[in-house]
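Chains as they are written, first to last, in my numbering: chain A, 312 to 505; chain B, 312 to 505. All C-beta atoms, glycine included, are put in the ideal place defined by N, C-alpha and C. Source: prediction; values computed, not measured. Read through the structure below, which is laid out as structure tokens, and then see the notes.
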DNA sequence: ACCTGAACACCGTTCAAGT
DNA sequence: ACCTGAACACCGTTCAAGT
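Written out as structure tokens, the structure reads:
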């Protein structure tokens, strides 16, 4: 079975969901597909375009939906959060293409809720920035907290054991709290008085 | 003059402001300091901690200020935006340490404006997520737009010239528009009714 | 105590040459 | 048309050995 951009994008998405963005490298991708790194460049111009395509495929479910703005952005979070560093990917993809899903659907649902074209565009841009920041921040916190860096060079290793004992409850408490913060931000940004 | 973590952090900040995060590598840093890469690891445990320290130094001006929440976050944007990819750095730093400036000052000024402790913590977390997302998105748009990727593999190169002609006005229009979006988001998130 | 030399295990990308 | 081999110019990190 010969190579194709479709197969490459699919393999990249698998790597992303299974191992995280850090492991989506052209070389790793090549070996996963049983091919030499150079071969990928016959089908894909460079890594950035590949990532943009992965992001697009990932967010496709948010393209044709008639969900309200709040539900839509909740779905966005649910879709991106499980990808260990999906936030970073989406930030890149959004930089490359500010009309990735759920942007068009979000604008449409804002217009239905009574905003004119310009207002809908602006509000959706503000909401996307918040959502991207919230997801990326959440994921970085989860990722970098597990790495367990002391906060300064000379931090004593004394409080460590107690910190580790409560790490399970602490992280689950953080997770539910993050969901609340996200919902709270969305509510503020969707309030009628602005 | 021998090495020290202070000198390394300063050199890293210079590299960041002059060339961007992409060029802040341990090897580049070493050659800038006239030393071998391995030498850095005698003074700094790893790159991530180094970046955290750079971020801290960068945001130090936002530590002891009695500015209101809106002004504070405007200063945050003004400080981070000029660093070509300061948003990515701050996302990492915030992941490592959610109490980097301007968080404490922001919470304090929210309490002065009538929020209780818990409300102030939550609101500040929401605002920081928005600010981080907004700055990172803005910078990625600027960075990746200049790279001038066609939006699909087979995009014709016909519309290019006209796009390039108007790139100057377009990007300056985008810049001022981004400032508006940022202010708009802040206003919504600081509104009293949420 | 502080640094070098040298290695380990990686990156993205290009491109002549093969089929 | 599609892919390999091999290179170019890089990464972060470790660690014996030197001073």
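Neighbour flag for residue i against chain A, beta carbons, 8 angstroms
| i | result |
| --- | --- |
| residue 499 of chain B | yes |
| residue 467 of chain B | Residue placement at residue 467 of chain B is poorly supported in this model, since its pLDDT is 28, which falls under 50; the coordinates are not used for a value here. |
| residue 455 of chain B | yes |
| residue 392 of chain B | no |
Neighbouring residues, chain B, relative to residue i (Cβ below 8 angstroms)
| i | result |
| --- | --- |
| residue 409 of chain A | 452 |
Cutoff 8 angstroms: residue i Cβ touching any chain B Cβ
| i | result |
| --- | --- |
| residue 352 of chain A | no |
| residue 319 of chain A | no |
| residue 448 of chain A | yes |
| residue 502 of chain A | yes |
| residue 327 of chain A | no |
| residue 406 of chain A | yes |
| residue 423 of chain A | no |
| residue 402 of chain A | yes |
| residue 471 of chain A | Confidence is the limiting factor: at residue 471 of chain A the pLDDT is only 29, short of 50, which leaves the residue's position unreliable, though a coordinate-based value still follows. With 8 angstroms as the cut-off, residue 471 of chain A does not count as an interface residue toward chain B. |
| residue 462 of chain A | The predicted model places residue 462 of chain A with a pLDDT of 35, which falls under 50 and marks its position as unreliable; any figure quoted below should be read in that light. Chain B, which has a Cβ nearer than 8 angstroms to the Cβ of residue 462 of chain A, makes this yes. |
Cβ-Cβ separation, residue j to residue i (assumed contact under 8 angstroms), whole Å
| i | j | result |
| --- | --- | --- |
| residue 441 of chain A | residue 441 of chain B | 4 angstroms |
| residue 406 of chain A | residue 452 of chain B | 5 angstroms |
| residue 517 of chain A | residue 314 of chain A | Limits of chain A in this structure are 312 at one end and 505 at the other, which puts residue 517 of chain A out of reach. |
Neighbouring residues, chain A, relative to residue i (Cβ below 9 angstroms)
| i | result |
| --- | --- |
| residue 437 of chain B | 441, 445, 492, 493, 495, 496 and 499 |
Test item: CB-CB of residue i and residue j under 8 angstroms
| i | j | result |
| --- | --- | --- |
| residue 443 of chain A | residue 431 of chain A | no |
| residue 365 of chain A | residue 327 of chain A | yes |
| residue 369 of chain B | residue 403 of chain B | no |
| residue 426 of chain B | residue 383 of chain B | no |
| residue 496 of chain B | residue 437 of chain A | yes |
| residue 492 of chain B | residue 409 of chain A | no |
| residue 499 of chain A | residue 500 of chain B | yes |
| residue 395 of chain B | residue 455 of chain B | no |
Pick from the options that is closest to residue i, judged by C-alpha positions
| i | options | result |
| --- | --- | --- |
| residue 450 of chain B | B:345, B:397, B:382 and B:369 | B:397 |
| residue 424 of chain A | A:502, A:321, A:328 and A:313 | A:502 |
| residue 357 of chain B | B:392, B:371, B:335 and B:395 | B:335 |
| residue 372 of chain B | B:364, B:379, B:408 and B:413 | B:413 |
| residue 353 of chain B | B:375, B:317, B:380 and B:368 | B:317 |
| residue 343 of chain A | A:363, A:321, A:361 and A:359 | A:321 |
| residue 374 of chain B | B:325, B:411, B:390 and B:401 | B:411 |
Listed by chain order, chain A residues near residue i by CB distance under 7 angstroms
| i | result |
| --- | --- |
| residue 433 of chain B | 492 and 495 |
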